[in-house]
Amino acid sequence: MTYYRNNIQHLFVLPSFIASLVLHHEAIELNLVLDAVKKFYPFLANELFLNIPEERLQQYLLSIIDELCRQEILKRHENILTINKKRGRSLQLLAAGVREILQRYFITLSLLKAEPNKARAELEKESQSIAQRLSVLHGINAPEFFDKAVFSAFINGLKQNGYFDAEGNVNNEKLDQLLSIYTK
């Protein structure tokens with residue numbers, strides 16, 4: 067099952083992320099959605115082998131939003147995206163596709179925020195341990211949810227995208243920007 071889910075997950079991850087953001091906030095500015103997806107895109111692209119060039123990403127995201135509005139899953143009034151209550155269940159189902167990925171990222175980001183000087187190996191190990199416990203507690207039946215290689219790739223992506231300086235110190239400003247996406 068995991069192979070087949072991951073085999074097509076790359077097709078749905080960006081629409082799912084957009085749906086998740088709107089569902090979480092209920093009403094959110096279009097620019098905030100675009101900004102949030104752009105911040106997480108390098109990590110999603112690395113994990114799921116997405117290959118949308120950076121210069122085309124915004125247009126691609128806008129086309130997804132247009133399609134979600136056309137299908138009446140989202141409503142758009144000027145610059146604000148909202149939930150279409152009549153299609154709320156469809157929005158929830160679509161948003162569920164990215165939930166585990168965002169949970170995994172949040173585990174690592176939260177640990178980094180709490181202990182910015184934590185060694186990389188320890189960060190990977192603790193992230194994996196927390197994810198494994200959460201998978202048991204919440205019945206998450208996906209081995210990749212607590213796969214050490216996935217956490218290692220995410221942490222490496224953080225480093226490649228400037229979330230650590232040359233000495234390995236966390237860039238708290240950038241980290242806070244990512245974490246702010248999880249809050250209202």
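In my numbering, the protein residues as written are 67 to 250.
Every residue, glycine too, gets a C-beta built ideally from N, C-alpha and C.
Problem set entry | Reference Leu177; option with closest CA among His90, Arg155, Ala197 | Within the sequence shown, residue 177 is the residue found at index 111, counting from 1. Ranking His90, Arg155, Ala197 by Cα distance to Leu177 puts Ala197 first.
Problem set entry | Reduced DSSP secondary structure (H/G/I, E/B, other) of Ala232 | By one-based count along the sequence shown, residue 232 stands at place 166. If DSSP states are grouped into helix, strand and coil, Ala232 belongs with coil.
Problem set entry | Residues bridged to Ile84 [DSSP beta-bridge criterion] | As a working mapping, residue 84 is identified with position 18 in the sequence shown. BP columns for Ile84 are empty, so no partner.
Problem set entry | Beta-carbon gap between Phe217 and Gln194 smaller than 8 Å | Here residue 217 refers to the residue found at position 151 when the sequence shown is read from its first residue. Here residue 194 refers to the residue found at position 128 when the sequence shown is read from its first residue. Cβ atoms of Phe217 and Gln194: closer than 8 Å.
Problem set entry | Glu95 - partner residues in DSSP beta bridges | As a first step, residue 95 is located in the sequence shown; it is residue number 29 there, counting from the start. In DSSP, Glu95 forms a bridge with Ile146.
For this session: Go through its chain and collect everything with a Cβ distance to Leu96's Cβ below 8 Å, but skip five positions before and after it.
Result: Counting from one through the sequence shown, the residue named residue 96 turns up at place 30. Within the same chain, Leu96 has close Cβ partners Ile131, Arg142, Asn145, Ile146, Leu147.
Problem set entry | Option in Leu160, Leu98, Arg122, Glu138 with minimal Cα separation from Lys152 | Counting from 1 along the sequence shown, the entry for residue 152 is found at position 86. That would be Glu138, whose Cα lies nearest to the Cα of Lys152.
Problem set entry | Counted within 10 angstroms of its Cβ, other Cβ atoms place Leu127 as buried (16 or more) or exposed | Locating residue 127 in the sequence shown gives position 61, where the first residue counts as 1. With 16 or more Cβ atoms within 10 Å of its Cβ, Leu127 is classed as buried.
Exercise. If you draw a straight line from the alpha carbon of Arg136 to that of Leu244, how long is it in whole angstroms?
Worked result: Along the sequence shown, read from residue 1 onward, the residue named residue 136 stands at position 70. Along the sequence shown, read from residue 1 onward, the residue named residue 244 stands at position 178. Each residue's alpha carbon lies about 29 Å from the other.
Exercise. From this set, Ile173, Lys179, Leu224, which residue's C-alpha is nearest Arg199's C-alpha?
Worked result: One-based indexing of the sequence shown puts residue 199 at position 133. Among Ile173, Lys179, Leu224, the Cα nearest to that of Arg199 belongs to Ile173.
Exercise. Identify the residues that DSSP records as bridge partners of Lys141: which are they?
Worked result: The count along the sequence shown starts at 1 and reaches residue 141 at position 75. The partner list for Lys141 (beta bridge, DSSP) reads Thr148.
For this session: Using only alpha-carbon positions, find the residue among Gly163, Tyr171, Arg170, Lys104 that is nearest to Leu77.
Result: The residue given as residue 77 occupies position 11 in the sequence shown. Comparing C-alpha distances from Leu77 to each of Gly163, Tyr171, Arg170, Lys104 shows the shortest one belongs to Gly163.
Exercise. Buried or exposed: where does Leu160 fall if 16 or more other Cβ atoms within 10 Å of its Cβ makes it buried?
Worked result: The sequence position of residue 160 within the sequence shown is 94, counting from 1. Buried: at least 16 other Cβ atoms inside 10 Å.
Exercise. Which whole-angstrom value is the C-beta distance of Glu92 and Ile167, which I expect to be below 8 Å?
Worked result: Position 26 of the sequence shown, counting from 1, holds the residue named residue 92. Position 101 of the sequence shown, counting from 1, holds the residue named residue 167. That pair is no contact at about 22 Å.
Problem set entry | Extent of the continuous alpha helix (DSSP H) run through Ala185 | Locating residue 185 in the sequence shown gives position 119, where the first residue counts as 1. Element bounds for Ala185: n/a, residue is neither H nor E.
For this session: Under 6 Å Cβ to Cβ from Leu89, same chain only, skipping five residues before and after it: list those, please.
Result: What you label residue 89 is simply residue 23 of the sequence shown in a count that begins at 1. Answer for Leu89: Leu157, Ala161, listed in chain order.
Problem set entry | Cβ distance (whole Å) where Leu87 is taken to contact Gln124 below 8 Å | Here residue 87 is taken as the residue at index 21 of the sequence shown, counted from 1. Here residue 124 is taken as the residue at index 58 of the sequence shown, counted from 1. A Cβ-Cβ distance of about 15 Å is found for the pair Leu87 and Gln124, leaving them out of contact under the 8 Å criterion.
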